[in-house]
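In full-length UniProt numbering, the protein residues as written are 1 to 106.
Even glycine gets a Cβ: it sits at the ideal position worked out from N, Cα and C.
Quantities reported herein were computed from a predicted structural model and do not represent experimental measurements.
Here is the structure we will look at.
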């Protein structure tokens, strides 16, 4: 049995907002929502702090997703790092959602 509504349905954004009403928050990150898309961001003088902040938040999101039986799609997750240094923009793609799982295999 399949459940859900068709992607792009007019009711999707409303249902999304109801569904995420208990979405995990963090004091070290911010969340921006638009329709059914979300951005989680953090800033710090040290990149290591940003990575820890976002990874910690994603760990909480994973627990929330398991509770509600939501399947996260890591291929739709991208990390973008912006620096303040001129000509020193660093862009990277990081799979935060599966990072813990991948580390356990090592």
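Relative to the alpha-carbon of residue i, which residue among the options has its alpha-carbon at the smallest distance?
i, options, result
"residue 79", "43, 70 and 4", "43"
"residue 107", "7, 29, 22 and 5", "Because the chain here runs from 1 to 106, residue 107 falls outside it and cannot be looked at."
"residue 59", "9, 7 and 40", "40"
"residue 77", "69, 48, 37 and 22", "37"
By Cβ distance, which residues of its chain are closer than 6 Å to residue i, with the 5 residues on each side in sequence left out?
i, result
"residue 26", "57"
"residue 15", "none"
"residue 32", "39"
"residue 53", "28, 29 and 42"
If you drop the 5 nearest sequence neighbours on each side, which residues of the same chain put their C-beta closer than 8 Å to that of residue i?
i, result
"residue 63", "24"
"residue 72", "61, 62, 65 and 97"
"residue 22", "64"
Keeping to the same chain, check which residues put their C-beta closer than 7 Å to that of residue i; ignore five residues upstream and five downstream.
i, result
"residue 61", "24"
"residue 90", "Because residue 90 carries a pLDDT of 49, less than 50, the predicted location of this residue cannot be relied on, and the following value inherits that uncertainty. The residues are 81 and 83."
"residue 47", "81"
Below 8 Å on the Cβ atoms is my contact criterion, and I expect residue i with residue j to pass it. Report the Cβ-Cβ distance as a whole number of Å.
i, j, result
"residue 11", "residue 20", "Contact flag wrong, Cβ pair sits at about 15 Å."
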